[in-house]
Amino acid sequence: MAHFAQLDENNVVTQVIVVSNDDTSDINGVETESIGIAFCQKLVGADTNWKQTSYNNNLRVRYAGIGYIYNEELDAFVPPKPYASWTLNNATADWVSPLGDAPALTAEQTAAGSYYDWDELGYQADNTKGWTLITPE
């Protein structure tokens, strides 16, 4: 089975549909994205825009989700921006915090179920802070 993401005029994914491999293959059984796109357009409308996506992450970096944006320059599906201060890493098509990754958890913190969460308001108030350790009660 193949998966195709429908894009709106801003390249935002509006839906993802499953298409039979038979509907993406030529007469020799070779799968081609353009054949799959033509099938999707016949099914949904000739004026629709489609890109193939893959659960295996071997196509366009990651599987497309509703609300993801197709970035033509990167040929990648990019998830929605999580926070205003985060920037896109063009090498990975992932959003990164201005402070980098969250600090590593200690063994005790991990055992307690603790995790770090991003505090955008805290970062805006003091741009040397942003990661907040959360420990469930």
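Positions 195 to 331 (the numbering used here) are the ones given, in order, by the sequence shown. We put the CB at the ideal spot given by N, CA and C, even for glycine. In this text the structure is predicted, and so the values were computed from the model without any measurement.
Scanning its chain for C-beta atoms nearer than 6 Å, with the 5 sequence neighbours on each side dropped, one finds around ASP217 the residues PHE233, in chain order.
If you draw a straight line from the Cα of MET195 to the Cα of ASN215, it is about 5 Å long.
Across the set TRP280, GLY259, GLY324, ASN284, the C-alpha of GLY259 shows the shortest separation from the C-alpha of ASN205. A residue is called buried when at least 16 other Cβ atoms come within 10 angstroms of its Cβ; LEU201 meets this threshold and is buried. Cβ-Cβ distances below 6 Å link ASP311 to THR326, ILE328 in the same chain, with the five nearest sequence neighbours on each side left out; the list follows chain order. Cβ-Cβ separation between VAL207 and HIS197: approximately 11 Å, too far for a contact (criterion under 8 Å). For PRO273, the CB contacts under 6 Å within the same chain, skipping 5 residues up- and downstream, are TYR262 in chain order. Spatial neighbours of VAL212 in its own chain (CB-CB distance under 7 Å, excluding positions within 5 residues in sequence) are listed in chain order as MET195, HIS197. Looking at the backbone, the Cα of SER279 and that of ASN222 are separated by about 49 Å.
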